[in-house]
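Report on the structure given below.
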Amino acid sequence: MADRHEDDYLMLSGIQHYAFCKRQWALIHIEQYWSDNVLTFEGQRLHEKADNPCIGEKRGDLIIARSMPLVSHRLGVYGVADVVEFHRCTGEEPGAAIPARRGLWRPYPIEYKRGKPKKGAHDELQLCVQTLCLEEMFGVQIEEGALFYGEIERRTRVDIDTSLRNQAETLLGEMHDWIALGRTPVASYDKRCERCSLYEGCQPKMLGKRTAGYLENYLTLVAGSKEDRDA
Ligand code: SF4
Numbered sequence: 031m032a033d034r035h036e037d038d039y040l041m042l043s044g045i046q047h048y049a050f051c052k053r054q055w056a057l058i059h060i061e062q063y064w065s066d067n068v069l070t071f072e073g074q075r076l077h078e079k080a081d082n083p084c085i086g087e088k089r090g091d092l093i094i095a096r097s098m099p100l101v102s103h104r105l106g107v108y109g110v111a112d113v114v115e116f117h118r119c120t121g122e123e124p125g126a127a128i129p130a131r132r133g134l135w136r137p138y139p140i141e142y143k144r145g146k147p148k149k150g151a152h153d154e155l156q157l158c159v160q161t162l163c164l165e166e167m168f169g170v171q172i173e174e175g176a177l178f179y180g181e182i183e184r185r186t187r188v189d190i191d192t193s194l195r196n197q198a199e200t201l202l203g204e205m206h207d208w209i210a211l212g213r214t215p216v217a218s219y220d221k222r223c224e225r226c227s228l229y230e231g232c233q234p235k236m237l238g239k240r241t242a243g244y245l246e247n248y249l250t251l252v253a254g255s256k257e258d259r260d261a
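Under the working numbering, the residues of the sequence shown are numbered 31 to 261, in order.
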């Protein structure tokens, strides 16, 4: 991706919104619109557990960093990881050096989520972008991370494979393009809208039809002008 100013970096948490609905992401991250509902409130409460900054808690061969700032200059993205575990490397295992700690350590990101594992790869994509940031920051390849779901209170392991990495980078590229355009994708009502926290502000049924009608009128007008010219 092209070099860009740090002011133009994306918030990495936005990729979960973008993967769910491009318009939802743009309303939050371009238009700065936000509306709490029960789902997002519960999500925030779960995050509070992880957002109690405690960098470097050590338990034997494990170091736990909470609310860890992340950045990728290559991808133009920044954010915060809920938890990053650093596991002490054994033998020839590649790992990252950590200031004031001996040896090498393998980063392992963990993202906290409300509810339980769901359809779609929104959460996995967010974890993947965190991983890409950690890889750039520590110069080490990271093969996996985990999602912790509040409803089932357990971790789900996530492979950070090539397909997930490519998908994440493609979506980040699109998000940068939308930011550069300064436009918000039009509303399109479907079943996702029923569980969307921005439904009231988005008004997808009304705005979707209105936009479709506007486009139809515009295209008819353009087609008409062309016929007039060709006549
Ligand atoms: S209401 Fe529907 S179209 Fe609007 S932001 Fe939410 S999911 Fe997207």
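Where is the CB? At the ideal position from N, CA and C, for every residue including glycine.
Beta bridge counterpart(s) of residue i as assigned by DSSP
i: Phe-178; result: Tyr-142, Arg-185
i: Phe-168; result: None, per the DSSP bridge assignment.
i: Gly-109; result: Leu-100
i: His-117; result: Leu-92, Arg-136
i: Ala-126; result: Trp-135
i: Met-41; result: Tyr-108
i: Glu-87; result: Ile-94
Proximity test, residue i beta-carbon vs the ligand SF4 heavy atom, cut-off 7 Å
i: Arg-53; result: yes
i: Leu-201; result: no
i: Arg-222; result: yes
i: Tyr-48; result: no
i: Ser-218; result: yes
i: Gln-229; result: According to the sequence shown, residue 229 is Tyr rather than Gln. Indeed, a heavy atom of the ligand SF4 lies less than 7 Å from the Cβ.
i: Cys-158; result: no
C-alpha gap between residue i and residue j, whole angstroms
i: Leu-202; j: Leu-105; result: 7 Å
i: Ala-176; j: His-35; result: 31 Å
i: Tyr-299; j: Glu-174; result: Residue 299 lies beyond the stretch modelled for the chain, which goes from 31 to 261, so this question has no answer here.
i: His-117; j: Tyr-39; result: 29 Å
i: Arg-213; j: Arg-53; result: 10 Å
i: Arg-259; j: Met-205; result: Unreliable placement is indicated for Arg-259, whose pLDDT of 48 sits below 50; the coordinate value is still reported in the next sentence. Cα to Cα, Arg-259 sits roughly 38 Å from Met-205.
i: Gln-62; j: Val-113; result: 26 Å
i: Ala-111; j: Met-98; result: 5 Å
i: Arg-222; j: Tyr-229; result: 10 Å
i: Asp-153; j: Tyr-142; result: 9 Å
i: Glu-224; j: Ile-128; result: 45 Å
i: Ile-190; j: Glu-115; result: 16 Å
i: Tyr-108; j: Gln-233; result: 30 Å
i: Met-167; j: Ser-102; result: 7 Å
i: Arg-185; j: Met-41; result: 24 Å
i: Gly-180; j: Ala-210; result: 36 Å
Whether residue i touches residue j by CB criterion (8 Å)
i: Leu-164; j: Leu-92; result: no
i: Arg-195; j: Cys-226; result: no
i: Glu-123; j: Arg-136; result: yes
i: Val-170; j: Gly-121; result: no
i: Ile-58; j: Ala-198; result: no
Length at least 4, wholly inside the region 193-219: the alpha helix (DSSP H) runs in chain order: none
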